[in-house]
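Chains as they are written, first to last, in the numbering used here: chain V, 729 to 981; chain F, 729 to 981. Following: one structure in structure tokens, then a few remarks.
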């Protein structure tokens, strides 16, 4: 067994489907027939969960509130909604949840702050959503990175991560856009190419992929794009909630 | 059939257990075995969902943001978390969710603003959480209301509501406290008496009861009281998330 295989194996240890330390609602005599205590994979005691990315992850977080589980520091988006749900359902695990997304970030911006804002936090679970600014800033004339740069830079980031944090569980979120607001035909096909790279890197790393684009493509059959993301990029509260739900389903947590 | 029975019957119309317009995650090819598209009762098109109460409901909402579904106007607590989840899972219903909780409120404070802040919004679903200040302010010497006053005032509020809004679905939340922070023996047995009254009124009105005290009594077996509510009254993010989850389970929405 190679070192890499050992890492892969330990990274999978807490992905099991057993019901973990969640509060069992059935026991409190709630009305209605729906059992909300959904199956949850377990998390190790004192597990660190880290959300990394751009403005979608940042979601207006208070940059001075750096402590774990601080609501202001978790922002107003899917990362906060996920922290809320995970802290409620894994109460026995003493989770520490951090949000270190920064508005406007692209892959090279993550790379520049990766040691301090990711590796040093020693996450057990690391969720990354990055890519929309890599093309948006290019369309605006403020960046020259190519699709190949996105692939190379992102792969390097992931490689550095699994080397520095043996056993880290990677969750790679598919970049997404909705057909409204700032989005027009100029975004294609390059946006789709970057999206495919995120999917490919998830497969290379045997990471969990959260298919946000596929999710929103389904969601617009229920309500128009603006319902989910006013400008086509930044989700509404409904959009963030749908992301959080899908993330948990994919992660099994 | 009396008028009252007609009202009761129509109030139940959207409580069915059928899967409603929620986005079916199964269709987007997400990984993992967990089906998160839980059974949901349906909601009428353009349904208005209103959260009423004190600081636990208020949760730092922006009082100037009075429009439906405005994240800042929904605050940072269970009402916002519920709005997020309901807007995601009932996207086809064009819900309008409002939070009109006000910090410090007791039953008489709700009564004074009930027409403008509840009846005039014509809610299809009205969720009420009130009672902790009715005793807290009394313990602090700032209020003289008795347990009987709580019962009479609360019953009057509910009676006025179902008369003014035929078909409204009432969701009555059990007041709760946790044994930490501001909570000491002086709160008992009067707190429990008020709690029982909220339960009795829910039964009288055939309303949905959300048993928050029973829920937190179970939750403290997983993590200490401070994990759920630092001062024993105001929930943490984890506490609010657990409330939101239990509310949905009880409401079947």
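Ideal Cβ placement from N, Cα and C applies to all residues, glycine included.
Kindly list, in the order they appear in chain F, the residues whose Cβ is closer than 7 Å to that of residue 804(V).
-> Chain F residues near residue 804(V): 799.
Report the neighbours of residue 813(V) on chain F: residues whose CB is nearer than 7 Å to its CB, in chain order.
-> Taking a Cβ-Cβ threshold of 7 Å, the residues of chain F close to residue 813(V) are 969, in chain order.
Per DSSP, which residues does residue 780(F) bridge with? Please list them.
-> Looking at the DSSP assignment, residue 780(F) forms a beta bridge with 856(F).
Anticipated Cβ contact below 8 Å, residue 830(F) with residue 786(F), distance rounded | Contact annotation, residue 830(F) with residue 786(F): C-beta distance approximately 6 Å; criterion of less than 8 Å satisfied.
Using a Cβ-Cβ cut-off of 8 Å (strictly less than) and excluding sequence neighbours within five positions of residue 835(V), which residues of its own chain qualify?
-> The beta carbon of residue 835(V) sits closer than 8 Å to the beta carbons of 858, 859, 862, 873, 877, 878, 881, 882, 885 from its chain, once the five residues preceding and following it are set aside; these are given in chain order.
Interface flag, residue 910(F) vs chain V, CB-CB below 8 Å = Closer than 8 Å to the CB of residue 910(F) there is not a single CB belonging to chain V.
If the cut is a Cβ gap below 8 Å, which residues of chain V does residue 965(F) touch?
-> Result: 797, 799, 802, 808, 811, 812, 815.
Could you tell me if residue 756(F) is buried or exposed, where buried requires 16 or more neighbouring beta carbons within 10 angstroms of its beta carbon?
-> For residue 756(F), the predicted structure reports a pLDDT of 34, less than 50, and the residue's modelled location is therefore unreliable. A value from the coordinates is still provided. In summary, residue 756(F) is buried, with 16 or more beta-carbon neighbours lying within 10 Å of its beta-carbon over all protein chains present.
Going by beta carbon distance, what residues of the same chain come within less than 8 Å of residue 974(F), once the five residues before and after it are set aside?
-> By the criterion of a C-beta distance shorter than 8 Å, residue 974(F) is surrounded in its chain by 938, 939, 940, 943, once the five residues flanking it on both sides are discounted.
Beta carbon proximity, residue 955(F) to chain V, threshold 8 Å | Yes, its Cβ sits closer than 8 Å to a Cβ of chain V.
Which term fits residue 902(V), buried or exposed, when burial requires 16 or more other beta carbons within 10 angstroms of its beta carbon?
-> Buried is the label assigned to residue 902(V), since at least 16 other Cβ atoms lie within 10 Å of its Cβ.
Excluding sequence positions up to five away, which residues of its chain have a Cβ less than 6 Å from the Cβ of residue 911(F)?
-> Cβ within range, chain order: 905, 960.
Give me the Cα-Cα distance between residue 778(V) and residue 843(F), rounded to the nearest whole angstrom.
-> Distance between the alpha carbons of residue 778(V) and residue 843(F) is about 45 Å.
Buried versus exposed, by CB contacts within 10 Å (16 or more), residue 794(F) | Classification for residue 794(F): exposed.
So what's residue 901(V) in DSSP terms, helix, strand or just coil?
-> In the three-state reduction of the DSSP assignment, residue 901(V) falls in the strand class, which pools E and B.
If you draw a straight line from the alpha carbon of residue 813(F) to that of residue 966(F), how long is it in whole angstroms?
-> Between residue 813(F) and residue 966(F), the C-alpha separation is close to 15 Å.
Determine the direct distance from the alpha carbon of residue 923(F) to that of residue 958(V), and round the result to whole angstroms.
-> For residue 958(V) and residue 923(F), the distance between alpha carbons rounds to 42 Å.
Per DSSP, which one or two residues make a beta bridge with residue 825(F)?
-> 777(F), per the DSSP bridge assignment.
Taking only beta-carbon atoms, is residue 973(V) less than 8 Å away from chain F?
-> Interface criterion met: the Cβ of residue 973(V) is under 8 Å from a Cβ in chain F.
Neighbour-count burial assignment, residue 840(F), 16 or more Cβ in a 10 Å radius = Taking all protein chains in view, the Cβ of residue 840(F) is surrounded by fewer than 16 other Cβ atoms within 10 Å, so the residue is classified as exposed.
Secondary structure of residue 888(V), DSSP reduced to three states = Three-state result, residue 888(V): helix.
Between residue 852(F) and the rest of its own chain, which residues show a CB-CB distance below 8 Å, the 5 nearest in sequence each way excluded?
-> Same-chain partners within the cutoff: 742, 771, 772, 775, 776, 777, 895, 896, 897.
Residue range of the unbroken beta strand (DSSP E) whose run includes residue 938(V) | Secondary structure note for residue 938(V): its beta strand (DSSP E) is the uninterrupted segment 936-938.
Neighbourhood of residue 892(F) by C-beta distance below 7 Å, restricted to the same chain and skipping five residues each side | Closer than 7 Å at the Cβ level, and outside the excluded window around residue 892(F), lie 847.
Check the C-beta distance from residue 833(V) over to residue 801(V) and give it rounded, since I have them as a contact under 8 Å.
-> No, residue 833(V) and residue 801(V) are not in contact; Cβ-Cβ is about 17 Å, not under 8 Å.
Determine the extent of the alpha helix (DSSP H) in which residue 908(F) is found, giving its start and end residues.
-> Where residue 908(F) is concerned, there is no enclosing alpha helix (DSSP H), given that its DSSP letter is neither H nor E.
Distance, residue 934(V) Cα to residue 753(V) Cα = Summary for residue 753(V): the model assigns pLDDT 35, below 50, so the residue's position carries little reliability, and this model does not support an answer.
Looking only at its own chain, which residues have a Cβ that is under 6 Å from the Cβ of residue 855(F), when we skip the five neighbours before and after it?
-> These residues qualify, in order along the chain: 779, 899.
Alpha helix (DSSP H) containing residue 847(F): first to last residue?
-> From DSSP, residue 847(F) is part of no alpha helix (DSSP H); its letter is neither H nor E.
Can you tell me where the alpha helix (DSSP H) with residue 928(V) in it begins and where it stops?
-> Looking at the DSSP string, the run of the alpha helix (DSSP H) that includes residue 928(V) is 918-932.
Within 10 angstroms of the Cβ of residue 980(V), are there 16 or more other Cβ atoms? Answer buried if so, exposed if not.
-> Sixteen is the threshold: when 16 or more other Cβ atoms of the shown chains lie within 10 Å of the Cβ of residue 980(V), as they do, the residue is buried.
From residue 804(V) to residue 805(F), what does the alpha carbon distance come to, in whole angstroms?
-> Whole-angstrom Cα-Cα distance: 11 Å.
In angstroms with no decimal places, state the Cα-to-Cα distance between residue 915(V) and residue 972(F).
-> A straight line joining the alpha-carbon of residue 915(V) with that of residue 972(F) spans about 38 Å.
Alpha carbon to alpha carbon, how far is residue 781(F) from residue 838(F)?
-> Going by the C-alpha atoms only, they are around 8 Å apart.
Coil, strand or helix - residue 951(V) by DSSP | If DSSP states are grouped into helix, strand and coil, residue 951(V) belongs with coil.
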